[in-house]
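Participant: Here the protein sequences line up with chains A, B and C, keeping their order. Sequential numbering from 208 applies to the first sequence in our numbering. Sequential numbering from 1131 applies to the second sequence in our numbering. Sequential numbering from 35 applies to the third sequence in our numbering. Using N, Cα and C, we set each Cβ at its ideal position, and we do this for glycine too.
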Amino acid sequence: MLMNVSNILGLSVLVGGPVILVGLGLLLAVGLSIAMIKLRVEQDPRIEQVEAALPGANCGGCGYAGCAAFAKAVVEGKAPVTGCTAGGEGIGQAIAKIMGIKFEVQVKTRPVIHCAAFEHQRKGKKPYHGVQQCSEANLVAGVQGCTYGCLGFGDCVASCKFGALHMDRGLPEFDYSKCTSCGACVKACPRGLIEMIPFTQEAMLVVGCSNRDPARVVREVCEVGCLGCGACAKKSDVFNVDQNLASIDYNKFDTLESLRSACEKCPAGALVVFGREKRIPVKDVYAKTQSDTQAEAQSEPVNS
Amino acid sequence: MSKSNLVSQFTNGLWAENPSLVMLIGMCPTLAITNSVANALTMGMATMFVLVCSNLVISLIRSQLQAHLRILVYMLIVATFVTVADYMLQAYLFTMSQSLGPYVPLIIVNCVILARAEICAAKKGPVTSFVDGLGVGLGFTFSLTLLGVIRELFGSRSILNYQILPDSFEPWVVMVLPSGAFLTLGLVIGLVNYLRSRKRVEA
Amino acid sequence: MLNMLKQIWLVLVLSLIFGAALAYTDQSTKQRIAENRQQQIRELAQMATVGELVRDEKGQAQFKIELKKLELSDKTLVAYEVLPIGGKGPRVGYAVIGEGIGWDRLLVLIGLSPDLSKITGLEILESRETPGLGERIKGDEFRAQYRKSAQKPLELVKSTPTEDHQVMALTGATISSEAVTAMVNTAVGKVRKAIQSNNKN
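Below is the structure:
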């Protein structure tokens, strides 16, 4: 082909080849450039600016298809400037600046899991050789006794694009220093155990159970499940017991310390604290603070 | 770019993102020319050559790429290297190029090459892109050869034209036909998925 | 305009470099590729006329013949005069390339006796028929059937041939068999006409 054309032009292949390719390249490149100029869709320049400010992870935590879609929604006023949970405050402020809106600090929400039973605390586990995913195991009856609790195959871990989750003894562990609050793990859990809660404190109290069965049934399937006894609710109105399960009203939540007496009443051990380095059963938290205060008390006289 | 990153970039193409067994791209040559080991090997090598060269060149010019002229430049680069590979095969491996037929020129539109250009070469440095091309190319060659071994062994009783199975073995003609390509590919992908899932459970 | 040039300079520079590279590759491999083609045709022509081809340890063919391309008025027909090596001695025969379509493009090489009365051999030059079915036209048994008188056009039959000009089709490969037979008939007819008119002139 190259040869034929260059023969017609009376050029040798060595000269004709490059000449034809350059000609073709010129034609195509100019054509494409013109097409880009003529066919360019006019859009608000702020959309590009907002998109450039976003992390570009396309995590979908904002509820839009991706960062580009979110940027468009922000500029059109459909999405709040703080909508990008993955980006955090810094990006929220940057977007607010582009949009010319005053930025208001929002409370960070983070995922917690409403199941506190480690592998060995779950009863009635049966051998399961199917697909090693929660979504699959959830379809099979009798993989474990508790039909509400964590299955432990780590669909949430796989869903996390930021490496903020890992499995520890059959339960997901959250690393909030990596977590961007995108909410992917919430969607990934087939049993809906993961919830985003507002972290008004550095560490938050969480009901580590989702089982709504009566106490007798819960005892049969789990060592730490909530019995729905209501002992906590009698001590503090932050707690609410409905259908055999305690829940926490985070609008009323104040400090961990203020709930101490209520937590100490819990016979099950279903209350856990999230937020420091790891998930900690609430008893240990209070035990630790006690020993800390004792240690401080002892060391004080020496210093002064 | 540290050494371990380069190694992981290399093994990534070889196994974790193997083009034909995991990503399922570049299916046309995978299905069409794996009826013998020699064909599969030559095709894999030719693709690897083009992949490494195009990755390297695209990576070197990546800062100058204009978004709207990007694909034009890719095609120019890829087409050049494919043509060179085609001519070289015709000149030095004539019988092989005859049996590969139109599939060598078709490397130009092989999805593997354009995908690596977009994913890797347009974003990363020349060393990484080179290693990436090498890894993906080897992964492609490996999977093609694996299919080739299975199909030639059962379809023609031989491997690389050396008879392996005895004459009493009736060759399964279906294995050298396109349907055999689909069957073998499906089974091999199944095996790979099994191995991968087992690894994940152990980990 | 200057802005546009700024954007497309890379395309132009690359076109120039790659155009030069391609032209160079073309130049440097052209002869070899043509030689490869010619070598293949020569090997098959010897097979189709002499009937055998000896190779040395390196796989190099030991030729007994050489080819001389015939200048025919029909430019679509490619045919060679087959001469003994060195051009000494009487003509060995003719080799004609027949082209047609089976399931895909088919190229065959037909060997003819010096007086064009007999087909001395049939070789498949290029085929991409279905392996196991149409590709069996490459088999010796099928091709041997074509070694017969070329006086009468060949006829393809589906049962054991009863007459000399009949050829038996391959079971399950009727289309490929038909294509080969038709190609042989057309090519032989054309070449006979062309050579006879050449001789008259």
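Which residues in chain A have a C-beta closer than 7 Å to the C-beta of S1327/B? List them in chain order.
Facilitator: Simply Q339.
Participant: What does the alpha-carbon distance come out to for the pair L478/A and V319/A?
Facilitator: Spanning the two alpha carbons is a distance of roughly 12 Å.
Participant: Give the list of continuous alpha helix (DSSP H) stretches no shorter than 4 residues that lie fully inside the region 1201 to 1258 of chain B.
Facilitator: Counting only runs of 4 or more, we get 1224 to 1230, 1241 to 1246.
Participant: Which class does G349/A belong to by DSSP, given the choice of helix, strand or coil?
Facilitator: Residue state, collapsed to three classes: coil.
Participant: Can you tell me whether P334/A is buried or exposed? The criterion is at least 16 other CB atoms within 10 Å of its CB, across all chains shown.
Facilitator: With fewer than 16 other Cβ atoms within 10 Å, it is exposed.
Participant: Can you give the Cα-Cα distance for T110/C and A213/C, rounded to whole angstroms?
Facilitator: Near 18 Å, if we compare the C-alpha coordinates of A213/C and T110/C.
Participant: Can you tell me whether V1242/B is buried or exposed? The criterion is at least 16 other CB atoms within 10 Å of its CB, across all chains shown.
Facilitator: V1242/B should be labelled buried.
Participant: Please list, in chain order, the chain A residues whose beta carbon lies closer than 7 Å to that of V45/C.
Facilitator: G232, A236, listed in chain order.
Participant: Helix, strand or coil: how does DSSP classify C429/A here?
Facilitator: It is a strand residue.
Participant: DSSP on A57/C, reduced to helix/strand/coil?
Facilitator: Note: A57/C maps to helix in three-state DSSP.
Participant: In whole angstroms, what separates the C-alpha of N510/A from that of G267/A?
Facilitator: Any reading at N510/A needs caution, since the residue's pLDDT is 40, under 50, leaving its predicted position unreliable; the model's value is listed next. Their backbone Cα atoms lie some 53 Å apart in a straight line.
Participant: What residue does the alpha helix (DSSP H) around Q230/C start on, and which one ends it?
Facilitator: Per DSSP, Q230/C belongs to the alpha helix (DSSP H) from 208 to 234.
Participant: Alpha carbon to alpha carbon, what distance is there between S183/C and L1236/B?
Facilitator: Taking the straight line from one Cα to the other gives about 43 Å.
Participant: Express the C-alpha separation of L56/C and T1213/B in angstroms, rounding to a whole number.
Facilitator: Near 7 Å, if we compare the C-alpha coordinates of L56/C and T1213/B.
Participant: Output yes if chain A places a C-beta closer than 8 Å to the C-beta of I67/C; else output no.
Facilitator: Chain A contact via Cβ: absent.
Participant: Quick check: L1092/B and S1273/B, are their CB atoms within less than 8 Å of each other?
Facilitator: This structure cannot speak to residue 1092/B, because chain B is shown only from 1131 to 1333.
Participant: The ligand PLP heavy atoms versus the CB of L150/C: any closer than 7 Å?
Facilitator: With respect to small molecules bound, the structure shown includes none, and the ligand PLP cannot be examined in it.
Participant: Using 8 Å as the limit for Cβ to Cβ distance, is Q41/C near chain A?
Facilitator: Interface residue, yes.
Participant: On the three-state DSSP scale, how would you describe Q185/C?
Facilitator: Here Q185/C sits in coil by DSSP.
Participant: From what residue to what residue does the beta strand (DSSP E) around F200/A run?
Facilitator: Residue 200/A cannot be examined here, being either before or after the span of chain A that is shown, 208 to 511.
Participant: In whole angstroms, what separates the C-alpha of V130/C from that of Y1204/B?
Facilitator: So the two alpha carbons sit approximately 43 Å from each other.
Participant: Can the beta-carbon of S366/A be found closer than 8 Å to that of A344/A?
Facilitator: Against a cut-off of 8 Å, the Cβ pair of A344/A and S366/A comes out as no contact.
Participant: Between the region 1222 to 1240 of chain B and the region 1145 to 1164 of chain B, do three or more beta carbon pairs fall short of 8 Å?
Facilitator: Touching, per the Cβ criterion.
Participant: Does the separation of the CB atoms of L1307/B and A1170/B fall below 8 Å?
Facilitator: Contact flag unset, no.
Participant: Spell out whether any CB of chain C is found under 8 Å from the CB atom of A1162/B.
Facilitator: No, its Cβ sits nowhere closer than 8 Å to a Cβ of chain C.
Participant: Whose C-beta lies closer than 6 Å to the C-beta of T500/A among residues of the same chain, with five residues either side of it excluded?
Facilitator: At T500/A, the pLDDT of 48 sits below 50, so the modelled position is not reliable and the matter cannot be decided from this model.
Participant: Going by DSSP, what residue range makes up the beta strand (DSSP E) through I1191/B?
Facilitator: No beta strand (DSSP E) contains I1191/B, which DSSP labels as neither H nor E.
Participant: Can you tell me whether DSSP reads P379/A as helix, strand or coil?
Facilitator: The answer is strand: DSSP assigns P379/A an E or B state.
Participant: Taking the CB atoms as reference points, tell me whether A228/C and S151/C lie closer together than 8 Å.
Facilitator: It is not a contact, given that the beta carbons lie outside the stated cut-off.
Participant: Using alpha carbons as the reference points, say which of L156/C, K64/C, E163/C, G206/C lies closest to E86/C.
Facilitator: Ranking L156/C, K64/C, E163/C, G206/C by Cα distance to E86/C puts L156/C first.
Participant: What's the C-alpha gap between A1197/B and I241/A?
Facilitator: Each residue's alpha carbon lies about 13 Å from the other.
Participant: Which residues does DSSP pair with N1135/B in a beta bridge?
Facilitator: Partner(s): none; N1135/B has no beta bridge.
Participant: So A79/C and L101/C are supposed to be a Cβ contact under 8 Å. How far apart are they, rounded?
Facilitator: Indeed, because the Cβ distance is near 6 Å, the residues count as touching under 8 Å.
Participant: Assuming L239/A contacts L1199/B under a Cβ cut-off of 8 Å, what Cβ separation, rounded to an integer in Å, is found between them?
Facilitator: Sure, about 6 Å apart at Cβ, within 8 Å.
Participant: From I75/C to F1224/B, what does the alpha carbon distance come to, in whole angstroms?
Facilitator: Roughly 12 Å between the two C-alpha positions.
Participant: Under the assumption that V428/A contacts G352/A (Cβ atoms under 8 Å), give the Cβ distance between them as a whole number of angstroms.
Facilitator: Between G352/A and V428/A the Cβ distance is about 3 Å, and since that is below 8 Å, they are a contact.
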